[in-house]
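The numbering used here puts the sequence shown at residues 187 to 271. Worksheet: one structure, shown below.
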Amino acid sequence: VIADAKRSGLPVTAETCPHYLTFAAETVPEGGTEFAACPPIRPSANKERLWAGLAGGTIDMVVSDHSPCAPELKGDGDFGGVFGG
């Protein structure tokens, strides 16, 4: 969608965050709620597409997604109840 919009000349930009370029869902340990993010960490195929988009210019920037929280808000093992889950 973003690549099509750019090819059409629309003034759009796209961003991603370091955690989406680094982690993959299949490597997040069971109950690893410290990896909770919104949107969630996706499978490695998605990560590779993000890297390709960054290298190819579809993704314009990598941003911090700074959203601090106390460690105890991410540590209960329940993705549905933790901060960012």
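The C-beta atom is built at its ideal place from N, Cα and C for all residues, glycine as well.
Under the three-state DSSP convention, the category residue i falls into
i, result
"Glu234", "helix"
"Lys260", "coil"
"Phe221", "helix"
"Gly195", "coil"
"Gly242", "helix"
"Ala210", "coil"
Cut-off 6 Å between Cβ atoms - residues of its own chain near residue i, not counting five sequence neighbours on either side
i, result
"Ser230", "Ala210"
Per DSSP, cross-strand counterpart(s) of residue i
i, result
"Thr202", "Val248"
Selected residue, minimal CA-CA separation from residue i, among the options
i, options, result
"Glu201", "Val214, Ser250 and Thr213", "Ser250"
"Asp190", "Asp262, Gly243, Phe269 and Ala256", "Gly243"
"Pro225", "Cys255, Ala238, Glu216 and His205", "His205"
"Arg228", "Cys255, Val214, Glu220 and Pro197", "Val214"
"Pro197", "Phe221, Gly218, Glu212 and Asp246", "Asp246"
Own chain partners of residue i with C-beta closer than 8 Å, once the 5 adjacent residues on each side are dropped
i, result
"Leu207", "Lys233, Leu236, Trp237, Leu240 and Val248"
"Val298", "There is no way to answer for residue 298, as the model of the chain reaches only from 187 to 271."
"Asp259", "It should be pointed out that residue 259 corresponds to Leu in this sequence rather than to Asp. Val268 and Phe269."
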